[in-house]
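Only one structure is covered here, and it is reproduced in the block below.
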Amino acid sequence: MASQNEGLHAVLSEEEQAGQAYFDKIIAEDSRIEPRDWMPESYRKTLVRQIGQHAHSEIIGMQPEANWITRAPSLKRKAILMAKVQDEAGHGLYLYSAAETLGTPRDKMTEDLIAGKARYSSIFNYPTVTWADMGAIGWMVDGAAICNQVPLCRASYGPYGRAMVRICKEESFHQRQGFEILLELANGTPEQRAMAQDAVNRWYAPSLMMFGPPDEDSPNSKQSMAWNIKRFSNDELRSRFVGMLVEQVKVLGLELPDDQISYNEDTKQWEHGPLDWEEFKDVLKGKGPCNAQRMERRRAAHEDGAWVREAAAAYADKQAQKAEVA
Ligand code: BYC
63 MASQNEGLHA VLSEEEQAGQ AYFDKIIAED SRIEPRDWMP ESYRKTLVRQ
113 IGQHAHSEII GMQPEANWIT RAPSLKRKAI LMAKVQDEAG HGLYLYSAAE
163 TLGTPRDKMT EDLIAGKARY SSIFNYPTVT WADMGAIGWM VDGAAICNQV
213 PLCRASYGPY GRAMVRICKE ESFHQRQGFE ILLELANGTP EQRAMAQDAV
263 NRWYAPSLMM FGPPDEDSPN SKQSMAWNIK RFSNDELRSR FVGMLVEQVK
313 VLGLELPDDQ ISYNEDTKQW EHGPLDWEEF KDVLKGKGPC NAQRMERRRA
363 AHEDGAWVRE AAAAYADKQA QKAEVA
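Under the working numbering, think of the first position of the sequence shown as 63, with each following residue one higher.
As structure tokens, this is what we get:
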């Protein structure tokens with residue numbers, strides 16, 4: 063197989079050339095790169111970018127749902143929602159840990175997020191205005207996450223793929239709880255049914271945009287796929303997700319707000335109506351409905367947690383001193 067960085071060989075040292083050859087072999091065999099293996103700097107950078115963004119998405123993604131913990135309609139719903147939000151914190155931590163194995167400390171990634179230099183998923187910049195939004199987020203947002211993330215369990219970087227296995231198992235539970243909320247509302251009073259339909263209407267397009275820009279506008283996909291990080295393109299996964307929604311919405315007895323959904327027999331892909339990519343770009347630029355609020359809360363939470371970090375560091379120092387004396 064041709065090297066993934068052919069042109070660079072001339073400027074690589076002998077050791078680096080051996081590393082590159084090993085890397086190329088592993089990728090060609092579809093095996094795994096592990097933290098101590100040699101890897102091209104651009105591969106490392108791509109992983110830190112993608113894993114970091116994903117970790118930030120999990121952490122910021124706690125906010126829209128935490129918004130409903132105090133207002134969940136029953137103790138059972140409250141307990142389930144709290145568990146889900148805690149799971150998202152856990153996902154963030156697995157992912158920050160995976161990124162740390164690439165040499166980027168969690169503190170640095172957090173600083174970048176707080177400073178507004180790092181991205182997180184567009185979806186978490188939309189408001190959660192009714193209880194039905196907890197159902198729509200679970201069904202559609204976690205559903206899109208599963209579609210996108212199951213292939214990432216086979217990502218070529220070992221720690222990332224392994225973290226994704228556990229995350230996907232938990233996302234499946236999240237999706238079912240969301241579906242069940244919507245099912246109950248859809249079979250409830252006319253007002254509850256209308257609330258469920260309204261939530262589906264509002265979350266449909268943003269959840270399709272979670273998969274990223276159309277393939278022709280996705281600068282990173284090609285290389286990420288060549289490195290076996292991404293296994294499918296943004297549009298392929300989006301199409302797969304639409305197919306999933308089409309079947310499941312029938313069970314809910316609700317409708318998708320898109321009358322242009324169809325299955326293309328030639329390409330074997332689900333097609334959907336146009337999406338507002340200008341809105342997507344605006345959200346990425348920080349101009350979505352809740353960007354400012356999400357960042358403000360994240361910054362405040364980080365500042366409020368300063369004493370915990372200080373206490374943990376003081377305790378670690380003390381333990382290290384004790385170990386030295388012993
Ligand atoms: N939002 O070349 P592209 C969750 C950026 S967590 C914001 O296609 P790539 C959950 C992209 O970063 C959900 N930015 O990029 C949590 C790139 O910008 P940079 C998060 C987006 O990386 C709690 C530029 O657009 N999931 O599910 O090949 C509760 C060009 O895009 C978005 C993950 O992060 C977006 N939607 O593909 C419930 C999964 N889309 O970095 C649920 C892992 C694109 O060049 N990530 N951009 O400045 C991925 O699979 C890929 O990174 C993406 C994008 C498919 C998202």
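Virtual Cβ for every residue (Gly too), placed ideally from N, Cα, C.
- Taking 6 Å as the cut-off, the C-beta of Glu120 counts as close to a heavy atom of ligand 1.
- In the DSSP annotation of this structure, the continuous segment of the alpha helix (DSSP H) that includes Trp265 starts and ends at Pro252 to Met271.
- Here Asn296 is near Gly274, since their CB atoms are less than 7 Å apart.
- Boundaries for Asn210: no beta strand (DSSP E) harbours it, while the alpha helix (DSSP H) harbouring it runs Asp204 to Gln211, taken from the DSSP string.
- Taking a 10 Å sphere around the C-beta of Lys146, we find 16 or more other C-beta atoms and assign the residue as buried.
- Gly165 has its alpha-carbon roughly 24 Å from the corresponding atom of Ala376.
- One alpha carbon belongs to Gly197, the other to Glu242, and they sit about 7 Å apart.
- Taking the C-beta atoms as reference points, Gln259 is found nearer than 7 Å to Leu316.
- Nearest to Ser184 by alpha-carbon distance, out of Asp279, Met271, Gly154 and Glu309, is Met271.
- Between Ala382 and Ala388, the alpha-carbon positions lie close to 10 Å from each other.
- Taking the Cα positions, Lys349 is about 28 Å away from Gln322.
- Minimum Cα-Cα distance from Met124 among the listed residues Arg360, Ala374, Arg106 and Gln82 corresponds to Arg360.
- Going by DSSP, Trp332 is part of the beta strand (DSSP E) stretching over Gln331 to Glu333.
- According to DSSP, residue pairing for Ser324 in a beta bridge involves Glu333.
- Sequence-distant Cβ neighbours of His364 in its own chain, meaning closer than 8 Å and more than five residues away, are Thr172 and Ile176.
- For Pro126, the enclosing alpha helix (DSSP H) stretches over residues Met124 to Ala128.
- Residue state for Tyr219 is assigned as strand, using DSSP reduced to three classes.
- As far as DSSP is concerned, Ile113 takes part in no beta bridge.
- Going by beta carbons, Pro97 and Ala160 fall outside the 7 Å limit.
- The beta-bridge partner set that DSSP reports for Ile243 is empty.
- The DSSP-derived three-state label of Ile185 is helix.
- As a beta-bridge residue in DSSP terms, Ile95 pairs with Tyr219.
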